[in-house]
């Protein structure tokens, strides 16, 4: 029998069926999880077959580690608006939102038309400077209070060049980062740098949201070139920095002559001027990316004119910064169209206010359970922690119940919601209230169905 098709617009039509299918009295989370995995496998035979083919040419079957999920990943076939469909015919409300890069959804009409016009009238990549890049640059500088900006292909590259620029500008070498920080594929930090982090000996790791440790680590070295921090740690998921902590970072960096680099690759979407406006911060360099390419690969870093001058090619001693697709036509036109015509200041404020309300509703369901919900605006983190702690300020405070987190992930997908196993929700612009309400209902049903497993 073919798997049932779930179309998620109103509350999922099969919610009652799921309640009937799922055994009500599992002896353990492990038992419940194994049953859920079995249903998952039965519902996605085409994805399993495609995965088995993919592993023949790709290590693990994909080229993006985050998308690997056990027992095997779902293969998507199409996206439209705020929904995605998989190869087995199921349709989901998309709460992955490309980890904040998919802000505009999968078929925003103005961006689509701008891309079509660019392809047919301008060309894909001209191998030259174009007015499109200066147009997008001017808008970004205005929006995020930057004197100058340069483009890259990703947030990873943006942070790499921001760091190298800080080293050139200050003549120093060390970079202070924080536990739980993620600044790109080669910039991941726990208590120690990840194995593939570059220049391992040049990092000083301070504790996120710890004012005293932050002050000591920044001010305790004479060789600090920059302090690199997220105002909310995206991979936490969505662990928010306190106002006092961020201002301590800024103050200590200034005190020792280090540059304050604020990673806004994810958080720039939270207000018209990014998280830095919400927290009254004045970073020396800001790194950007994700949705600011309008759905096309994109990154950027910008800030003070004197700092950015280290990359000015008119100076024969400037740092080199090239990239074949840095100013690619599609990214420039899609990014500019999205920011100038779609994600306008009024829309930004309304959208993030809706995200706050949505998060508060979810957190309201968590009382007395191991679930807790963090985040800000349109970025939300759903956690399952053994102690049920409702305020998480660092990854060290996050005592994950991994099996329960996996069970939630599988259950939400079975109910018609595309979510990450990590727990981050990045809302897509235009997701209707019906879909948000349905998710709240499904979360409430999950907590009721597995009450014996989730209660404290």
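Numbering (the UniProt record's numbering), first residue to last: 1 to 456. Ideal Cβ placement from N, Cα and C applies to all residues, glycine included.
DSSP beta-bridge partners for residue 268?
The partner list for residue 268 (beta bridge, DSSP) is empty, contrary to what the question assumes.
Please go through the same chain and pick out, in chain order, the residues whose beta-carbon is closer than 6 Å to the beta-carbon of residue 431, but skip the five residues on each side of it.
The answer, listed in chain order, is 82.
Can you tell me the Cβ-Cβ gap for residue 136 and residue 335, rounded? I've got them flagged as a contact below 8 Å.
About 5 Å; that satisfies the 8 Å criterion.
Closest to residue 478 by CA distance: which of 359, 311, 383, 386 is it?
Residue 478 cannot be examined here, being either before or after the span of the chain that is shown, 1 to 456.
Using a Cβ-Cβ cutoff of less than 6 Å, which residues in the same chain neighbour residue 240 once the five nearest sequence positions on both sides are dropped?
Closer than 6 Å at the Cβ level, and outside the excluded window around residue 240, lie 232, 376.
I'd like the ranges of any alpha helix (DSSP H) spanning at least 4 consecutive residues and lying wholly in the region 303-378.
If we require 4 residues or more, the alpha helix (DSSP H) runs fully inside the region 303-378 come out as 305-308, 329-337, 345-365.
For residue 85, which residues does DSSP report across the bridge?
Answer is 78, 91, bridged to residue 85.
What residues match up with residue 383 in a beta bridge as DSSP calls it?
372.
Counting along the chain, where does the alpha helix (DSSP H) carrying residue 249 start and finish?
That run of the alpha helix (DSSP H) goes 243-256.
Are the region 127-136 and the region 262-276 in contact at 8 Å, needing three or more beta carbon pairs?
As far as the Cβ criterion goes, the region 127-136 does not touch the region 262-276, which means the pair count is below three.
With 16 other CB atoms within 10 Å as the buried threshold, where does residue 243 fall?
Answer is exposed; the Cβ neighbour count stays below 16.
If we count the other Cβ atoms within 10 Å of its Cβ and call it buried at 16 or more, is residue 222 buried or exposed?
By the neighbour-count rule (16 or more Cβ atoms within 10 Å), residue 222 is not buried but exposed.
Relative to the C-alpha of residue 436, which residue among 361, 312, 365 is closest?
Considering only alpha carbons, the answer is 361.
Leaving out the 5 sequence neighbours to the left and right, which residues in its chain are closer than 7 Å to residue 23 when beta-carbon positions are compared?
At residue 23, the pLDDT of 47 sits below 50, so the modelled position is not reliable and the matter cannot be decided from this model.
What separation, rounded to the nearest whole angstrom, lies between the Cα atoms of residue 453 and residue 108?
Rounded to the nearest angstrom, the two C-alpha atoms are 41 Å apart.
Could you check whether the region 174-184 touches the region 303-318, counting it as contact only if at least three pairs of C-beta atoms, one from each stretch, sit closer than 8 Å?
With a cut-off of 8 Å, the region 303-318 and the region 174-184 do not count as touching, because too few Cβ pairs lie within range.
May I ask you to report which of helix, strand or coil DSSP gives residue 148?
Strand.
If contact is defined by three or more beta carbon pairs under 8 Å, each pair taking one atom from either stretch, is the region 278-285 in contact with the region 258-265?
Touching, per the Cβ criterion.
Cβ of residue 293 within 8 Å of Cβ of residue 111?
Against a cut-off of 8 Å, the Cβ pair of residue 111 and residue 293 comes out as no contact.
Could you give the uninterrupted runs of the beta strand (DSSP E) lying entirely in the region 388-430, keeping only those of 3 residues or more?
Whole beta strand (DSSP E) segments, 3+ residues: 424-426.
Output yes or no for whether 8 Å exceeds the beta carbon distance between residue 374 and residue 381.
Cβ atoms of residue 374 and residue 381: closer than 8 Å.
What does a CB cutoff of less than 6 Å around residue 440 pick up in its chain, not counting 5 residues either side in sequence?
For residue 440, where only same-chain residues beyond five positions count, the Cβ hits under 6 Å are 361.
On a Cα-Cα basis, can you pick out the residue from 147, 154, 213 that is closest to residue 307?
Checked all of 147, 154, 213; the closest Cα to residue 307 is 147.
If contacts are defined as beta-carbon pairs under 8 Å, then residue 93 and residue 416 qualify, I think. What distance do you get, rounded to the angstrom?
The Cβ separation is near 6 Å, so the contact holds.
Report yes or no: do three or more beta-carbon pairs, one from the region 150-157 and one from the region 188-206, lie closer than 8 Å?
Taking 8 Å as the limit for Cβ pairs, the verdict is that the region 188-206 does not touch the region 150-157.
Please determine, among 370, 220, 403, the residue with the shortest C-alpha to C-alpha distance to residue 390.
Comparing Cα-Cα distances from residue 390 to each of 370, 220, 403, the minimum goes to 370.
Please report how far the alpha carbon of residue 214 lies from the alpha carbon of residue 220, in whole angstroms.
Near 10 Å, if we compare the C-alpha coordinates of residue 220 and residue 214.
Evaluate residue 357 with the Cβ neighbour count: other Cβ atoms within 10 Å of its Cβ, from every protein chain shown; 16 or more gives buried, anything less gives exposed.
Its Cβ having fewer than 16 others within 10 Å, residue 357 is exposed.
Apply the 10 Å Cβ neighbour rule to residue 218 and answer buried if 16 or more other Cβ atoms are within range, or exposed otherwise.
Buried is the call here.
Taking residue 234 as the reference, which of 96, 387, 433, 195 has the closest Cα?
The shortest C-alpha separation from residue 234 is found at 96.
Taking C-beta to C-beta, are residue 47 and residue 88 nearer than 8 Å?
In this structure, residue 88 lies closer than 8 Å to residue 47 by Cβ.
Could you tell me the distance, in whole angstroms, from the CA atom of residue 320 to the CA atom of residue 227?
Approximately 22 Å, taken between the alpha carbons.
Taking the alpha-carbon of residue 425 as reference, which of 102, 398, 69 has the nearest alpha-carbon?
That would be 102, whose Cα lies nearest to the Cα of residue 425.
Considering just the uninterrupted stretch of the beta strand (DSSP E) at residue 228, what are its terminal residues?
Residues 224-230.
Given residue 406, which residues of its chain have a CB within under 7 Å of its CB, disregarding the five upstream and five downstream residues?
Here the set comprises 33, 421.
By the DSSP assignment, the beta strand (DSSP E) with residue 288 in it spans what residues?
Residue 288 -> beta strand (DSSP E) spans 285-289.
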